[in-house]
Amino acid sequence: MMNVRFNKIKNIFLAALAVLMLFLSFPQVLYAKDPDSSKIYVTDEAEILSDTKESKLQKKCKSVSKNCKTDVAVLTISKGLDYTDLDNYVRTFAKEKGYAYDASSSEADYIVYVIDMKSRAVRVVTSGIAKSDISQSDLQSIIDKTTSTLSDGNYYKACVKYTDITQNLLSTSKTYKLFLYMPIKLGIAAVIAIIVVLVMMFNAKTKMTVDGNTYAKNGVHVYRREDRFINTTVTTRTIETNNSSGGSSGGGGGNSGSAGGHF
Numbered sequence: 373m374m375n376v377r378f379n380k381i382k383n384i385f386l387a388a389l390a391v392l393m394l395f396l397s398f399p400q401v402l403y404a405k406d407p408d409s410s411k412i413y414v415t416d417e418a419e420i421l422s423d424t425k426e427s428k429l430q431k432k433c434k435s436v437s438k439n440c441k442t443d444v445a446v447l448t449i450s451k452g453l454d455y456t457d458l459d460n461y462v463r464t465f466a467k468e469k470g471y472a473y474d475a476s477s478s479e480a481d482y483i484v485y486v487i488d489m490k491s492r493a494v495r496v497v498t499s500g501i502a503k504s505d506i507s508q509s510d511l512q513s514i515i516d517k518t519t520s521t522l523s524d525g526n527y528y529k530a531c532v533k534y535t536d537i538t539q540n541l542l543s544t545s546k547t548y549k550l551f552l553y554m555p556i557k558l559g560i561a562a563v564i565a566i567i568v569v570l571v572m573m574f575n576a577k578t579k580m581t582v583d584g585n586t587y588a589k590n591g592v593h594v595y596r597r598e599d600r601f602i603n604t605t606v607t608t609r610t611i612e613t614n615n616s617s618g619g620s621s622g623g624g625g626g627n628s629g630s631a632g633g634h635f
């Protein structure tokens, strides 16, 4: 019986070791893919950025996209759009550009900072992780913290602020923290599991908890215990309800999908 138990534990250990080796052999499967090198994160249709600054901002957005596991983009236009019309324009634009960090996600993961020079409107449009993990107040804070910079004509600086704030918001989100360093977490868990199995193997091999005295006379004592049903008492009372039409809306995570302002 001891040999059977030992063999079972041994098989568990070997299986855990095999999984760990497989895990270490294919680390790229567990890591999130890098952003598409050909993807354009900055589209300056309004031509308010120099080529040098546009290139720097492209690299910045690519880096932040990788860190946040969400496409982080910038769009400038001069079409005189605002509010819902501008939001719809951005969503169509995002779809055409293929903004979706992980193609396997049920909803495209992206956040776009759009500046319309004709309407003087600035908006942030979100989808996927950016929509579920950034609160409405935090989304509005992106607008509030960049509007004055836009008013000063420093469009590049405003865009950099947007990327920095976005990275801070998404890198501290629950979703990001859950998957952050996931391969390392899995590796640590596998090592702990192997150590536990080794301890179990050692104890199973060196200790005998059953001997002849276990089944000796007077070695087993059986006690009888029973519960008897007596009666049931039921107490009823009326619960008053408030039927007034007033109410409050519950708070929750995420945002409505966009926020905006003017400069």
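Our numbering puts the first residue of the sequence shown at 373, with every later residue one more than the last. Quick reminder that beta carbons are idealized off the backbone N, C-alpha and C, glycines included. Remember, predicted model here, so these are calculated numbers, not experimental data.
Checklist entry - Taking C-alpha atoms, which residue in F465, K438, D443 lies nearest to I449? => result F465
Next on the checklist: To the nearest angstrom, how far is the alpha carbon of G632 from that of V444?
Outcome noted: 17 Å
Item to check | Whole-number beta carbon distance between Y527 and I487, since they are thought to touch under 8 Å | outcome: 7 Å
Checklist entry - Which residues in the same chain have their Cβ closer than 7 Å to the Cβ of N439, if we skip the five residues on either side of it in sequence? => result Q539, S543
Checklist entry - Between the C-alpha atoms of S628 and S504, what's the straight-line distance to the nearest angstrom? => result 9 Å
Next on the checklist: Tell me the rounded alpha-carbon separation between I506 and K490.
Outcome noted: 28 Å
Next on the checklist: Among G470, R495, S437, L453, whose alpha-carbon lies nearest the alpha-carbon of L511?
Outcome noted: R495
Next on the checklist: What does the alpha-carbon distance come out to for the pair Y548 and L570?
Outcome noted: Bear in mind that the predicted position of Y548 carries a pLDDT of just 47, short of 50, making it unreliable; the figure below should be weighed with that in mind. So the two alpha carbons sit approximately 33 Å from each other.
Checklist entry - Nearest to S499 by CA position, among A472, D416, Y461, is which residue? => result A472
Next on the checklist: Can you look up I537 in the DSSP assignment and give me helix, strand or coil?
Outcome noted: helix
Checklist entry - beta strand (DSSP E) containing T442: first to last residue? => result Where T442 is concerned, there is no enclosing beta strand (DSSP E), given that its DSSP letter is neither H nor E.
Checklist entry - How many Å lie between S620 and S509 at the Cα? => result Residue confidence is low: S620 scores 34 on pLDDT, short of 50, so the model does not pin down where it sits. Its coordinate-derived value is still stated next. The alpha-carbon atoms of S620 and S509 are separated by roughly 18 Å.
Checklist entry - Can you give the Cα-Cα distance for D474 and K411, rounded to whole angstroms? => result 13 Å
Next on the checklist: The beta strand (DSSP E) that contains L630, what's its start and end?
Outcome noted: The amino acid at residue 630 is misidentified as Leu; the sequence shows Ser. Here the beta strand (DSSP E) through S630 covers 630-634.
Item to check | Residue range of the unbroken alpha helix (DSSP H) whose run includes S509 | outcome: 508-523
Item to check | Spatial distance of G559 from K441 (CA atoms) | outcome: 21 Å
Item to check | Three-way DSSP call (helix, strand, coil) for A493 in this model | outcome: strand
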